[in-house]
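Once you know that position 103 of the sequence shown is 93 in the numbering used here, the rest is easy, because the numbers rise by one and skip nothing.
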Amino acid sequence: MDVELQELRELVAQLKADNEKLRQEQAAAVPGPSSEASTASVAPVTTRNPIAERLVFVPRDRKCPMFRGKSGMGLTEWLEEVQACMRARHLSTSEQAFFLVDHLEGEAREEIKYRSDVEREDSAKIISVLQELYGCSKSYVALQEAFFSRRQQEGETLHEFSLALLSLMESVKVRAPGGMTNADVLLRDQFVEHVLDGALRRELKQLVRRQATTTLLDVRGEAIRWEREGLPGGGRGRSHSVPSAFGLQYGVQSGSQGATTPPQGQEMVEMREMLRLQQEQLNQLTQSIATLQPSHLRRPPPRRGPVICYH
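Below is the structure:
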């Protein structure tokens, strides 16, 4: 960085010197018998149109990360960064290949080092080699299966669930032979169909039926809003995927209004009461059966002799 700044300072000094030299040559080249007349004719022009000093702002270079192979940054993320850096520097095709190699370390650099000159000097072939070695090894069918079987896990927030779906879909799109034209619809539907909360799932399905153009981000925002409104003070119970921070926040706010029983605690109390009543009813039925059993289940006296049938 210090070397680049020094070069820029030298370049600015050189430009100023060239500018001053051009001004002197222009002043010396003005013809005319009377220097006063020429000075008088030139002076108003310089007064009306002063030469403004031009400032050039040179942006700092974007720092490009290093790729080490199986350790450190993933290949997909690194390729996005390095391609952005190459676009910012306006590198030619041959320069892009050198730039890629300069930002490789470890086994990734060794792999390219022992490739042929044709591969080392072609940025597209370097990227192809890296993708073959360090890219996703799963097939297109396996990635599709992983995406469509993904469901919200217990304790997983809606935001985490949506990011997991986005990551899986990105892998599917990379492997898709003809691209994924309906990726947005698949993402939205997979999110709606497999959220953990059943009531929230019904709400999101109704939203999609009303607004068919909604995206994953739209339904996720609506789902998060729905969950937060379902905390104490609202008409719905909190979904299990809401982070505990929100529960703590609303719990503190409701604590100032007096000690109240949370909705989940109230549900537990009601369920226990129902179980107690059912147990009492079961005990009563058991006692009734035990009381009635001797009179109804008496065995008939054994018959002696042959049975005679009368016609």
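The beta-carbon is built from N, C-alpha and C at its ideal position, and this holds for glycine as well.
- If you draw a 10 Å sphere on the C-beta of residue 267, you find fewer than 16 other C-beta atoms in it, and that means exposed.
- Within a 10 Å sphere around the beta-carbon of residue 8 sit fewer than 16 other beta-carbons, which makes this residue exposed.
- A distance below 8 Å separates the beta carbons of residue 58 and residue 96.
- Of all alpha-carbon atoms in 206, 87, 161, the one lying nearest the alpha-carbon of residue 67 is that of 161.
- When the beta-carbon positions are compared, residue 259 and residue 213 stay at least 8 Å from each other.
- In this chain, the alpha helix (DSSP H) harbouring residue 199 covers 188 to 200.
- Within a 10 Å sphere around the beta-carbon of residue 217 sit 16 or more other beta-carbons, which makes this residue buried.
- The C-beta distance from residue 155 to residue 177 rounds to 6 Å, short enough to meet the 8 Å contact threshold.
- Membership of residue 137 in the alpha helix (DSSP H) is indicated by the continuous run 130 to 138.
- Ranked by how close their Cα comes to the Cα of residue 70, the residues 170, 90, 85 have 90 in first place.
- One Cα belongs to residue 109, the other to residue 63, and the distance between them is close to 23 Å.
- Residues of the same chain with a CB within less than 8 Å of the CB of residue 190, apart from the 5 flanking positions on each side, are 213, 216, 217, 229 in chain order.
- Sixteen is the threshold: when 16 or more other Cβ atoms of the shown chains lie within 10 Å of the Cβ of residue 159, as they do, the residue is buried.
- In the DSSP assignment, residue 89 forms no beta bridge with any residue.
- In this structure residue 152 touches residue 206 by the C-beta definition: roughly 6 Å separates them, less than 8 Å.
- In this structure, the alpha-carbon of residue 146 lies about 56 Å from that of residue 1.
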